[in-house]
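S.K.:
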Amino acid sequence: MRRLSLFTVARLCRPFLKRKVSKLFTVTAIICILLSIYYLRREPILVKRYVKSLPNYAWLKGSGQSSDQTDGKACVYPVLDPYNPEMMAFFEKQPPIQCEIDENWVYIENGTFRMSKSALKKYGPDIECSYRTITRGKTDFEVERGPRVPFKDGDPLKTDFAVVRCYGRFWKKFETILSGISFQPYLHARYKPSMLLESSMGFNVLMFGFDSVSRMTWIRNLRKSYDYFTKELGGIVLEGYNIVGDGTPQALLPILTGHTEWELPEARRGKPNAKQVDGFPWIWKELKKLGYVTQFGEDVSSLNTFQLRMLGFKESPTDHNLRPFFLEGEYYYEKSDCFGAIPVHKNMMNWGRDMFLMYKDKPKFSFLFHSKYSHGYTSKLQVADDDLLEFLQWLEKGGILDDTILILMSDHGARYSFLRDSVQGKLEERMPFFSFRFPRKFIERYPKAYANVKKNSKILTTPFDIHETFIDMINHTGTGVADIRRRGVSLFKEIPKSRTCAHAQIEAHWCTCLNWEKVDKVDENVKKAISAVIGKLNSIIESQSHVCHKLELGNVSRIVRYSGANEAILQFRESADRDGRLPDFSDNMAMSEILYQINLSTKPGNGHFEATVHHAVQSGNFTVYDKEISRINKYGNQPHCIAGKLPHLRAYCYCKDQLSR
Numbered sequence: 080m081r082r083l084s085l086f087t088v089a090r091l092c093r094p095f096l097k098r099k100v101s102k103l104f105t106v107t108a109i110i111c112i113l114l115s116i117y118y119l120r121r122e123p124i125l126v127k128r129y130v131k132s133l134p135n136y137a138w139l140k141g142s143g144q145s146s147d148q149t150d151g152k153a154c155v156y157p158v159l160d161p162y163n164p165e166m167m168a169f170f171e172k173q174p175p176i177q178c179e180i181d182e183n184w185v186y187i188e189n190g191t192f193r194m195s196k197s198a199l200k201k202y203g204p205d206i207e208c209s210y211r212t213i214t215r216g217k218t219d220f221e222v223e224r225g226p227r228v229p230f231k232d233g234d235p236l237k238t239d240f241a242v243v244r245c246y247g248r249f250w251k252k253f254e255t256i257l258s259g260i261s262f263q264p265y266l267h268a269r270y271k272p273s274m275l276l277e278s279s280m281g282f283n284v285l286m287f288g289f290d291s292v293s294r295m296t297w298i299r300n301l302r303k304s305y306d307y308f309t310k311e312l313g314g315i316v317l318e319g320y321n322i323v324g325d326g327t328p329q330a331l332l333p334i335l336t337g338h339t340e341w342e343l344p345e346a347r348r349g350k351p352n353a354k355q356v357d358g359f360p361w362i363w364k365e366l367k368k369l370g371y372v373t374q375f376g377e378d379v380s381s382l383n384t385f386q387l388r389m390l391g392f393k394e395s396p397t398d399h400n401l402r403p404f405f406l407e408g409e410y411y412y413e414k415s416d417c418f419g420a421i422p423v424h425k426n427m428m429n430w431g432r433d434m435f436l437m438y439k440d441k442p443k444f445s446f447l448f449h450s451k452y453s454h455g456y457t458s459k460l461q462v463a464d465d466d467l468l469e470f471l472q473w474l475e476k477g478g479i480l481d482d483t484i485l486i487l488m489s490d491h492g493a494r495y496s497f498l499r500d501s502v503q504g505k506l507e508e509r510m511p512f513f514s515f516r517f518p519r520k521f522i523e524r525y526p527k528a529y530a531n532v533k534k535n536s537k538i539l540t541t542p543f544d545i546h547e548t549f550i551d552m553i554n555h556t557g558t559g560v561a562d563i564r565r566r567g568v569s570l571f572k573e574i575p576k577s578r579t580c581a582h583a584q585i586e587a588h589w590c591t592c593l594n595w596e597k598v599d600k601v602d603e604n605v606k607k608a609i610s611a612v613i614g615k616l617n618s619i620i621e622s623q624s625h626v627c628h629k630l631e632l633g634n635v636s637r638i639v640r641y642s643g644a645n646e647a648i649l650q651f652r653e654s655a656d657r658d659g660r661l662p663d664f665s666d667n668m669a670m671s672e673i674l675y676q677i678n679l680s681t682k683p684g685n686g687h688f689e690a691t692v693h694h695a696v697q698s699g700n701f702t703v704y705d706k707e708i709s710r711i712n713k714y715g716n717q718p719h720c721i722a723g724k725l726p727h728l729r730a731y732c733y734c735k736d737q738l739s740r
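In terms of my numbering, the sequence shown has 173 at position 94, counting the first letter as 1, and numbering is strictly consecutive.
(1) Fully enclosed by the segment 561-646, which beta strand (DSSP E) runs are 3 residues long or longer?
(2) Measuring only the C-alpha atoms, how far is glutamate 122 from leucine 480?
(3) At least one CB of chain B closer than 8 angstroms to the CB of serine 624: is that the case?
(4) From the DSSP secondary-structure annotation, give me the bridge partner or partners of lysine 682.
(5) Within the segment 685-735, note down every full beta strand (DSSP E) run reaching 3 residues or more, in order along the chain.
(6) How many whole angstroms separate the CB atoms of serine 458 and asparagine 300, which I take to be in contact at a CB cut-off of 8 angstroms?
(7) Please confirm if the segment 391-400 is in contact with the segment 217-234, defined as three or more CB-CB distances below 8 angstroms between the two stretches.
(8) Please report the distance separating the alpha-carbon of methionine 434 from that of glutamine 472.
(9) If you measure between the beta carbons of lysine 706 and aspartate 290, is that distance less than 8 angstroms?
(10) Distance check for cysteine 178 and leucine 159, CA to CA, integer angstroms please.
(11) Beta-carbon within less than 6 angstroms of leucine 738's beta-carbon, same chain only, minus the 5 sequence neighbours each way: which residues are those?
(12) In the DSSP output, what is tyrosine 675 paired with across the bridge?
(13) Can you name the residues that DSSP bridges to asparagine 400?
(14) Quick check on DSSP: helix, strand or coil for leucine 331?
(15) Please report the straight-line C-alpha distance between phenylalanine 230 and histidine 491, rounded to a whole angstrom.
(16) Could you check whether aspartate 551 and serine 569 sit closer than 8 angstroms to each other, using their CB atoms as the reference points?
(17) Pull up the CB-CB distance for phenylalanine 308 and leucine 487, whole angstroms please, since I reckon it's below 8 angstroms.
(18) Quick check: the Cα distance between methionine 274 and glutamine 461, rounded to an integer number of angstroms?
(19) Checking 8 angstroms against the spacing of the C-beta atoms, do proline 396 and histidine 546 come in under that value?
(20) Are at least three pairs of beta-carbons, each pair with one atom in the segment 677-696 and one in the segment 624-633, less than 8 angstroms apart?
(21) Hey, would you say tryptophan 430 sits closer than 8 angstroms to arginine 509, going by beta carbons?
(22) Distance, Cα to Cα, proline 352 vs tryptophan 361?
(23) What is the DSSP secondary structure of leucine 285, counted as helix, strand or coil?
(24) Which one of Ile256, Phe249, Cys208 has the shortest CA to CA distance from glycine 233?
(25) With C-beta atoms as the reference, is glutamate 340 less than 8 angstroms away from glutamine 329?
(26) Specify, as a first and last residue, the run of the beta strand (DSSP E) that glycine 431 falls within.
(27) Looking at isoleucine 553: is its Cβ nearer than 8 angstroms to the Cβ of phenylalanine 517?
(28) I'd like the list of long-range same chain contacts for lysine 724, defined as Cβ closer than 6 angstroms, with 5 residues on each side in sequence excluded.
(29) At a cut of 8 angstroms, does the segment 179-195 reach the segment 413-429 through at least three beta carbon pairs?
(30) Would you decide whether methionine 167 is buried or exposed? Buried here means 16 or more other CB atoms lie within 10 Å of its CB.
(31) In whole angstroms, what separates the C-alpha of lysine 152 from that of lysine 576?
(32) Cα separation between isoleucine 538 and threonine 591?
(33) What does DSSP give as the partner residues of tyrosine 412 in its beta bridges?
(34) Going by DSSP, what residue range makes up the beta strand (DSSP E) through glycine 62?
(35) Does DSSP put valine 502 in a helix, in a strand, or in coil?
(36) Report back the beta-carbon spacing between tyrosine 270 and lysine 520 to the nearest angstrom; my notes put them in contact at under 8 angstroms.
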């Protein structure tokens, strides 16, 4: 009966949605509204289903944006539902991580070895322990192991990483690798207050990230810590944060250097004249000049951002660098989620904690980036939620956040999982989680800058803006209106609502502000666009055609055409006021270029790709750029014949010898 009643109400009300009505029907309209509200409260899901069946009344169905979010903005990004049933179907509850052993016999505390009290009780007070130091080798791909040295409780840690071995009674043996922050006198002596510029803000920075986590997935998988961060700590989440390229390097290089990979010296393995990345203008170099102690760490050494395709660093990039720890730890604990009794994500959090304990009165910059649970997975990151919550609570209760700008972030959304095959998944890939939490001291000292960050959290932002914010932190230049003609702008300045992807130099392939429409595969221009993608893929691997198979079209799963920017983008001419706050929407722009976005598979190998094709209307040319073609499924061992010497071709090459296997 309730369902019949609901649809009866809907049929009665439908005429009022189609046309204007006379005053004679006012009473009936009011009754319709009241009944609709009544049933909406009782059966919201059913109402939603019925609304979807109505004609395309955008004002009724909603365009995916709130009025607050769309008000006066040239770029209107999508508002997504983290609990969209289509997405939630791919998420499963994860059991907690169970390490093989319950407790480490030895742990590191503030640069010293400590014996576990329970281990001493179980295995005797005469436990004998020794360690070997683990340090960086001559390159980023080697470690050096020191001689074995005996130690006892309270002895200092000589280097940040050590493999420890202990023997107790009952012939019990314990061995693991430990991380900490060793006491280095020269680092403590390096900083002098006079090194900070008068215009420097002087706050510590702690940036902690997870690989491949969209803003929506962060909410799904890290709900407890997310709620604590946003509600208790007052964290600010950048809702319009948009990636500028494909993959982790294209996300982190703009943040850490202010440049794209293409603008920096060649560093890709196998490329002519390639060199290590030491010469890049890293933000930590500028911070070191001001006396900051610096820390950088990634887990999963085989996936590290600047070593996977690039040649890595010639020298250690920061004062404390985590890479040797994972190179050695993964040797001891291959494919394990734990090093000894400690999950790998907690190892990283503990190492960050130790950094802030060791240098309490020194300015610090720490960037820790975790990949193991989220690179290629949808749900596993859930296992880190409780520990991240505990870490945040420790930072707050320990007073660390009193003078530290805390950043929780990701590089991009899921790229390889089945999430990527849905429309929302495509959008989520382009909208990763990025957030700030500022100390009370900052808010009191820079109230306008803080207010601007809050405003800008609703505006289109990019990794380049994060870099400019770091630069502004080093040398604060005020809180006026940002010049959106610049690619990157500081979040401490007010970003005008007229900012577009064009201003931010976000290519159409990555811009979430654009409007797309489905097109017919039999259209002649569509066929040419598809052919351009296949041609581009084969041109990329042409130099290796003797080992890589020529690719052919498999299936086309999706093709859409750029139907023009949202109306505000096309009509925006310039700012109507000198401050750049009031947009002038008097332009009448026509499209000289049509864009197609195509999802297709290739054979052999069933490679899945997404590409943007540029169709120049006047010349009739179809062009695909290297930066606008993405592999969206795993390639596994398909490119083994070139993977070592030409890693940048792995996404495209299907080795010919695979066919004979």
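Ideal Cβ placement from N, Cα and C applies to all residues, glycine included. Predicted model only: the values in this text are computed from it and were never measured.
M.R.: Quick answer:
(1) 595-597, 631-641
(2) Here residue 122 refers to the residue found at position 43 of the sequence shown. Here residue 480 refers to the residue found at position 401 of the sequence shown. Here glutamate 122 scores only 35 on pLDDT, less than 50, and its place in the model should not be relied on; the value that follows carries that caveat. If I take the Cα positions, the gap works out to 45 angstroms.
(3) Among the chains of the structure shown, chain B does not appear; only one protein chain is present.
(4) The residue labelled residue 682 in the question sits at position 603 within the sequence shown. Lysine 682 pairs with Glu631.
(5) 686-695, 708-710
(6) Position 379 of the sequence shown holds residue 458. Position 221 of the sequence shown holds residue 300. Serine 458 to asparagine 300, Cβ: 7 angstroms. Contact.
(7) yes
(8) The residue labelled residue 434 in the question sits at position 355 within the sequence shown. The residue labelled residue 472 in the question sits at position 393 within the sequence shown. Cα to Cα, methionine 434 sits roughly 17 angstroms from glutamine 472.
(9) The residue given as residue 706 occupies position 627 in the sequence shown. The residue given as residue 290 occupies position 211 in the sequence shown. Result no, Cβ atoms of lysine 706 and aspartate 290 do not sit closer than 8 angstroms.
(10) Counting from 1 along the sequence shown, the entry for residue 159 is found at position 80. Counting from 1 along the sequence shown, the entry for residue 178 is found at position 99. Distance between the alpha carbons of leucine 159 and cysteine 178 is about 36 angstroms.
(11) Taking the first residue of the sequence shown as position 1, residue 738 is located at position 659. For leucine 738, where only same-chain residues beyond five positions count, there are no Cβ hits under 6 angstroms.
(12) Residue numbering aside, residue 675 sits at position 596 when the sequence shown is read from its first letter. Arg640, Val692.
(13) Counting from 1 along the sequence shown, the entry for residue 400 is found at position 321. The partner list for asparagine 400 (beta bridge, DSSP) reads Phe375.
(14) Numbered from its first residue, the sequence shown carries residue 331 at position 252. Reduced to three states, the DSSP call for leucine 331 is helix.
(15) As a first step, residue 230 is located in the sequence shown; it is residue number 151 there, counting from the start. As a first step, residue 491 is located in the sequence shown; it is residue number 412 there, counting from the start. Taking the straight line from one Cα to the other gives about 44 angstroms.
(16) In the sequence shown, residue 569 corresponds to position 490, counting from 1. In the sequence shown, residue 551 corresponds to position 472, counting from 1. Result yes, Cβ atoms of serine 569 and aspartate 551 sit closer than 8 angstroms.
(17) In the sequence shown, counting from the first residue as 1, residue 308 sits at position 229. In the sequence shown, counting from the first residue as 1, residue 487 sits at position 408. With 8 angstroms as the limit, phenylalanine 308 and leucine 487 qualify as a contact, their Cβ atoms being about 6 angstroms apart.
(18) Stepping through the sequence shown from its first residue, residue 274 is reached at position 195. Stepping through the sequence shown from its first residue, residue 461 is reached at position 382. Spanning the two alpha carbons is a distance of roughly 42 angstroms.
(19) Counting from one through the sequence shown, the residue named residue 396 turns up at place 317. Counting from one through the sequence shown, the residue named residue 546 turns up at place 467. Against a cut-off of 8 angstroms, the Cβ pair of histidine 546 and proline 396 comes out as no contact.
(20) yes
(21) Within the sequence shown, residue 430 is the residue found at index 351, counting from 1. Within the sequence shown, residue 509 is the residue found at index 430, counting from 1. Taking 8 angstroms as the Cβ cut-off, tryptophan 430 and arginine 509 do not qualify as a contacting pair.
(22) Here residue 352 refers to the residue found at position 273 of the sequence shown. Here residue 361 refers to the residue found at position 282 of the sequence shown. As written in the sequence, residue 352 is asparagine, which differs from the proline given in the question. Straight-line Cα distance between these residues: approximately 21 angstroms.
(23) For the purposes of this step, residue 285 is taken as the residue at position 206 of the sequence shown. Three-state DSSP puts leucine 285 in a strand.
(24) Looking up residue 233 in the sequence shown gives position 154. Selected option, being the one with the closest Cα: Cys208.
(25) Working through the sequence shown from its first residue, we reach residue 340 at position 261. Working through the sequence shown from its first residue, we reach residue 329 at position 250. In this structure, glutamine 329 lies closer than 8 angstroms to glutamate 340 by Cβ.
(26) For the purposes of this step, residue 431 is taken as residue 352 along the sequence shown, with counting starting at 1. First-last for glycine 431: 423-437, but that is the alpha helix (DSSP H), not the beta strand (DSSP E).
(27) Here residue 553 is taken as the residue at index 474 of the sequence shown, counted from 1. Here residue 517 is taken as the residue at index 438 of the sequence shown, counted from 1. Result no, Cβ atoms of isoleucine 553 and phenylalanine 517 do not sit closer than 8 angstroms.
(28) Residue numbering aside, residue 724 sits at position 645 when the sequence shown is read from its first letter. Only Gly349 meet the Cβ criterion.
(29) The count of Cβ pairs closer than 8 angstroms, one atom from the segment 179-195 and one from the segment 413-429, reaches three, so the stretches are in contact.
(30) Your numbering for residue 167 matches position 88 in the sequence shown. Flag for methionine 167 reads exposed.
(31) Taking the sequence shown and counting its residues from 1, one reaches residue 152 at position 73. Taking the sequence shown and counting its residues from 1, one reaches residue 576 at position 497. Taking the straight line from one Cα to the other gives about 5 angstroms.
(32) Taking the first residue of the sequence shown as position 1, residue 538 is located at position 459. Taking the first residue of the sequence shown as position 1, residue 591 is located at position 512. About 12 angstroms.
(33) Counted from its first residue, the sequence shown places residue 412 at position 333. According to DSSP, tyrosine 412 bridges with nothing at all.
(34) No answer is possible for residue 62: the residues shown for the chain start at 80 and end at 740.
(35) Reading the sequence shown from its first residue, position 423 is the one you call residue 502. The answer is helix: DSSP assigns valine 502 an H, G or I state.
(36) By 1-based counting over the sequence shown, the position of residue 270 is 191. By 1-based counting over the sequence shown, the position of residue 520 is 441. That belief does not hold up - the Cβ atoms of tyrosine 270 and lysine 520 are roughly 19 angstroms apart, past 8 angstroms.
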